[in-house]
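Chains as they are written, first to last, in our numbering: chain B, 2 to 315; chain F, 248 to 508; chain G, 53 to 329.
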Amino acid sequence: MKYAVKKFLMLLLTMVAVSFLAFAAFQLVAGDPATNLLGTEATPEKVATLRHEMGLDRPFLIQYGSWLVGFVTGDLGESYSGGPVADLLAARLPVTLVLSLLTFALTVLLALPLGLRSVRYGSGVRSAVHTVVNQFLMALPPFFTGILLTWLFSISLQWFRHGAYPGFAVSVGGSLWYLLFPATAIAIPRIAQTVRMLRSTVLTEMDKDYVRTAIARGNDRPGVLYRHVLKNSLVPVVTFLAQTMAEIVAASIVVEQVFNLPGLGRLLLTSIGSRDYPTVQAIVVVLAFWVVLANTVADLVNRCIDPRLGGVRT
Amino acid sequence: MLEIRDLHVKFHSRRREAVSGVSLSIADGEILGLVGESGSGKSVTAMSVAGLLPRKQCDYSGNILLDGADLLHADRSVLRKIQGREIGVVFQEPQSSLDPLMKVGKQVEECLYLHTDLTKAERRARALTAMTAVELPEPDVLYDKYPHELSGGMLQRAMIAAAAVTHPKLLLLDEPTTALDVTIQAQILELLKKLNREYGMSMLFISHNLNVVRKLSSRVAVMQTGVIVETGATEEVYANPQHPYTKKLVAAIPTRKKGNF
Amino acid sequence: MKTLKKAVLDHRNGCFLAGCIITGVLLALILLGAVWTPYDPTAMSGSEKLMGPSLAHLFGTDNFGRDIFSRVLKGAGVTALVAVGTVVIGAVCGTLIGALTGYFGGAVDELLMRFNDTITAFPSILLALVCVTVFGSGKYQVLLVLGIVFIPSFARIARTAFSSLRDANFVQSARLMGAKPARILFVHILPNTLHVLLPAVTIGFNNAVLAEASMSFLGLCGQPPDASLGALLSEAQGMLASAPWYALCSGGVIVGLIFGVGLIGEGLQGGKGERNA
Chain B
2 MKYAVKKFLM LLLTMVAVSF LAFAAFQLVA GDPATNLLGT EATPEKVATL RHEMGLDRPF
62 LIQYGSWLVG FVTGDLGESY SGGPVADLLA ARLPVTLVLS LLTFALTVLL ALPLGLRSVR
122 YGSGVRSAVH TVVNQFLMAL PPFFTGILLT WLFSISLQWF RHGAYPGFAV SVGGSLWYLL
182 FPATAIAIPR IAQTVRMLRS TVLTEMDKDY VRTAIARGND RPGVLYRHVL KNSLVPVVTF
242 LAQTMAEIVA ASIVVEQVFN LPGLGRLLLT SIGSRDYPTV QAIVVVLAFW VVLANTVADL
302 VNRCIDPRLG GVRT
Chain F
248 MLEIRDLHVK FHSRRREAVS GVSLSIADGE ILGLVGESGS GKSVTAMSVA GLLPRKQCDY
308 SGNILLDGAD LLHADRSVLR KIQGREIGVV FQEPQSSLDP LMKVGKQVEE CLYLHTDLTK
368 AERRARALTA MTAVELPEPD VLYDKYPHEL SGGMLQRAMI AAAAVTHPKL LLLDEPTTAL
428 DVTIQAQILE LLKKLNREYG MSMLFISHNL NVVRKLSSRV AVMQTGVIVE TGATEEVYAN
488 PQHPYTKKLV AAIPTRKKGN F
Chain G
53 MKTLKKAVLD HRNGCFLAGC IITGVLLALI LLGAVWTPYD PTAMSGSEKL MGPSLAHLFG
113 TDNFGRDIFS RVLKGAGVTA LVAVGTVVIG AVCGTLIGAL TGYFGGAVDE LLMRFNDTIT
173 AFPSILLALV CVTVFGSGKY QVLLVLGIVF IPSFARIART AFSSLRDANF VQSARLMGAK
233 PARILFVHIL PNTLHVLLPA VTIGFNNAVL AEASMSFLGL CGQPPDASLG ALLSEAQGML
293 ASAPWYALCS GGVIVGLIFG VGLIGEGLQG GKGERNA
């Protein structure tokens with residue numbers, strides 16, 4: 002328990018560090034927001050007044066501190082295009098969240114059995130074919146696959162209407178069905194990578210001494226795999242899956258664009274385009290939090306699996 | 248009980264045979280020591296008996312008969328019934344030869360799980376008995392521990408318990424004491440002698456260390472580059488080595504002469 | 053002949069060979085495209101709009117009548133340029149940093165590794181997007197930004213490799229012979245780390261292609277006529293119903309690049325043992 006608490010504190014510390022860096026970066030290079038907002042009407046007095054209103058004339062650390070306090074209490078600042086950032090994010094978060102979780106679920110559900118089956122291919126033709134096909138699947142960029150899926154299922158087969166995402170308020174089933182396509186596009190290369198990783202890890206474990214002992218005791222192949230090797234292969238795979246979660250988030254930024262989804266990714270892109278820094282900052286911090294959380298969870302799960310890593314169980 | 252007839256093993260990746268015509272026999276309740284330096288083929292011989300030869304990576308011929316049944320050419324499914332029940336194996340490195348993520352107790356009873364119909368409670372009882380027999384302290388506490396929590400000596404005892412829990416006809420030990428401290432070595436050897444006396448388990452004990460083999464086995468076979476160069480009763484061979492290689496081995500044993508200290 | 057066949061079928065070598073062929077062909081086409089294309093990529097033609105692939109137009113034409121093959125050739129060139137540049141910056145700087153910290157160790161090593169761990173947790177495209185907001189979206193800016201973003205992962209791999217060999221026997225011998233650290237690092241240790249560094253370079257290249265293509269897809273890398281494959285794909289999305297071959301071909305080349313280099317990486321890494329399989 003002590004370890005879990007320690008890890009959680011590290012998480013918070015990392016988040017503070019990340020948000021501070023993001024805040025600093027934008028402050029340094031953003032140019033003066035007040036001047037930008039006023040545009041052609043900017044006179045020195047107007048700029049000074051606006052800056053004072055926006056709190057931009059306070060010392061840097063105070064600005065950051067107040068932002069941080071605001072963030073924790075749910076006030077994410079005001080978007081330059083009007084309205085609280087928190088509202089903007091709250092509207093977009095569910096889509097990205099569901100998309101990411103759906104993709105992750107697809108990845109895990111398909112990659113684990115496929116990976117375990119591929120262990121038995123040995124080094125013959127089957128293994129070579131598997132490797133080549135796997136590499137090919139890894140080479141499919143999600144946004145490309147997304148476009149192909151759109152052409153095949155929306156334009157040709159008309160299984161879904163591209164651009165007509167219903168939203169959870171309107172139809173849960175319809176939304177999930179729509180999200181299945183972008184999720185598949187993102188998942189395909191991830192599944193291939195996970196299969197490859199799983200296969201490599203399991204085969205490495207198979208070379209170890211305790212496997213020889215397991216065979217000497219009379220275990221058959223499935224016995225060796227499921228009773229011994231699987232658990233021992235899990236730790237690096239769990240870590241890998243956390244990294245995969247981060248990559249899913251990254252891919253969804255682009256794929257949301259392809260499928261016209263009202264998610265955080267699209268909000269990020271439009272905010273970048275319009276230089277809406279408070280929004281960009283908030284999104285970056287939220288996404289970063291998601292990534293760091295995934296890694297922390299993976300770490301804790303690993304400590305439960307492998308008592309040698311110490312911490313949670315002992 | 249065990250008879251090896253003219254065993255030949257050649258790995259595809261090597262030029263010469265690892266084992267070139269080895270013939271051995273072990274009677275019920277006998278301890279045979281197999282001695283030789285690295286590369287002599289003693290481990291490969293043992294692995295052949297244990298059914299652990301990677302069949303796709305080598306050519307092999309000859310016979311290995313356990314109470315008359317041939318193991319070398321047996322079907323895998325037949326072999327699996329013998330592995331762990333009639334033949335138990337103890338490997339050199341206990342720390343790496345045990346599943347790091349499985350409790351020690353569960354590993355000791357694994358052969359019972361695979362080869363008998365005992366209930367969970369019965370298996371646990373038998374495992375604890377075996378752990379007591381190998382002189383492990385507080386078996387019921389150790390049962391729930393993981394390999395990394397035990398010392399080398401304790402782990403090796405656990406391995407012996409795991410291999411012996413089904414009262415196999417033959418116990419194969421491949422350099423079981425090489426990775427241990429000298430004092431622990433002596434204890435393990437005593438333990439093995441006790442097991443042999445009390446349970447009548449035959450043993451094939453492999454080592455490159457002559458002193459160790461001498462303490463334990465009644466008969467000894469000396470191997471060099473894949474062939475057996477000499478066999479006989481242990482004391483005979485040490486007192487009167489016939490083959491030049493054996494003579495060299497015996498001569499190389501450090502002795503404690505009076506007045507040297 | 054039999055041993056040659058066996059060597060190729062050993063799937064490791066087969067992958068390497070196939071990868072080299074694919075990548076070689078693409079590279080040749082890209083280099084060709086730098087100096088010559090069948091048509092001017094920007095030349096529009098009213099009479100030849102939206103034609104499917106044919107002998108005259110290998111990849112067909114778009115809704116402006118532009119030859120897609122020529123556009124793809126030019127676009128692939130930009131993508132490849134940015135990807136190669138990214139990997140060069142990332143690998144060279146990253147290996148240097150990793151080699152130094154891994155070999156010398158100490159407090160700096162500890163600190164840098166913790167920092168590194170945090171940074172590598174974040175997907176590179178996120179970092180790149182943020183940097184591009186700030187620095188602008190020309191192709192050279194993107195190259196630089198991506199290169200810097202890739203440094204930490206190379207540094208980690210190099211650091212692990214160099215620190216594991218720090219006390220190897222051959223290194224100690226070299227030290228005893230009086231070799232200077234620079235020599236030890238680059239003449240002795242480096243060649244022994246290539247078996248992990250080179251596969252990492254192939255993976256890095258593929259990630260760079262993906263990142264560059266994603267960013268140009270989003271319109272954040274280069275303006276036309278500098279448009280790279282991602283931007284072409286973005287255009288293609290607009291004509292998906294009328295000219296699906298546009299998307300297929302421009303995306304297909306991206307896949308080809310990644311696939312070819314991926315096979316090379318796979319070939320370099322080799323298969324796993326099967327003692328107990």
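In this text, a Cβ means the ideal position worked out from N, Cα and C, and glycines have one as well.
Neighbour flag for residue i against chain B, beta carbons, 8 Å
i: G/E318; result: yes
i: G/L69; result: no
i: F/A297; result: yes
i: G/G303; result: yes
i: F/F338; result: yes
i: G/F116; result: no
i: F/Y393; result: yes
i: F/E264; result: no
i: F/S449; result: no
i: G/A299; result: yes
Beta carbon proximity, residue i to chain F, threshold 8 Å
i: B/A217; result: yes
i: B/H229; result: yes
i: B/Y122; result: no
i: B/V302; result: no
i: B/D210; result: yes
i: B/R59; result: no
i: B/P237; result: no
i: B/P308; result: yes
i: B/T214; result: yes
CB contact flag (residue i, residue j, <8 Å)
i: B/V259; j: B/G147; result: yes
i: G/I74; j: G/A132; result: no
i: F/G473; j: F/A297; result: no
i: F/A372; j: F/V412; result: no
i: G/G150; j: G/F214; result: yes
i: F/P512; j: F/L402; result: Any answer about residue 512 of chain F is impossible in this case: the structure gives chain F only from 248 up to 508.
i: G/L320; j: G/L250; result: yes
i: G/T245; j: G/L217; result: yes
i: B/L22; j: B/L265; result: no
i: F/S295; j: F/I311; result: yes
Contact set for residue i: own chain, Cβ-Cβ below 7 Å, skip 5 residues either direction
i: G/R123; result: P93 and L284
i: B/V236; result: N303, I306 and D307
i: G/I177; result: A263 and S266
Neighbour flag for residue i against chain G, beta carbons, 8 Å
i: B/A112; result: no
i: B/A251; result: yes
Partner residues on chain G for residue i, Cβ-Cβ distance less than 8 Å
i: B/E248; result: P175
i: B/V259; result: Q289
Amino acids of chain B, ordered along the chain, whose beta-carbon sits closer than 7 Å to that of residue i
i: G/A265; result: P142
i: F/R327; result: G219 and D221
Closer than 8 Å at the beta carbon, the chain B residues around residue i
i: G/T138; result: Neighbours of G/T138 on chain B: none; closest Cβ ~16 Å, over 8 Å.
i: G/F269; result: F144, V255 and Q258
i: G/G190; result: In chain order: nothing, as chain B lies at least about 16 Å away.
Chain-ordered chain G contacts of residue i [CB-CB under 7 Å]
i: B/T151; result: L292
i: B/F15; result: It is Thr, not Phe, that sits at residue 15 of chain B in the sequence shown. Per Cβ cutoff of 7 Å: T170.
i: B/F154; result: Under the 7 Å cutoff, chain G gives no residues; its nearest Cβ is about 12 Å from B/F154.
Contact list for residue i against chain F, beta-carbon separation under 8 Å
i: B/N233; result: D346, P347 and L348
Contacting residues, own chain, Cβ-Cβ under 6 Å from residue i (five flanking each side not counted)
i: F/T425; result: Q339
i: G/T172; result: P204 and S205
i: F/K494; result: P488
Close beta carbons around residue i, own chain, < 8 Å, minus the five adjacent residues each side
i: F/A509; result: With chain F represented from 248 up to 508, any question about residue 509 of chain F goes unanswered, as that position is not in the structure.
i: B/V287; result: L90, L94 and L265
Proximal residues of chain B, C-beta to C-beta of residue i below 9 Å
i: G/L249; result: Ordered by position in chain B, no residue passes the 9 Å Cβ test against G/L249, which lies about 18 Å from the chain.
i: G/V307; result: F137, A140, L141, P142 and F145
Okay, do the region 104-115 of chain B and the region 187-196 of chain B touch, 3+ Cβ pairs below 8 Å being the bar? Taking a cut-off of 8 Å on C-beta distances, the region 104-115 of chain B touches the region 187-196 of chain B, as three or more cross pairs fall below it.
Quick check: the region 473-487 of chain F against the region 435-455 of chain F, are there 3 or more CB pairs under 8 Å? No, the region 473-487 of chain F does not touch the region 435-455 of chain F.
Count the CB pairs spanning the region 193-202 of chain B and the region 108-128 of chain B that are closer than 8 Å, and state whether there are at least three. They touch, by the three-pair rule.
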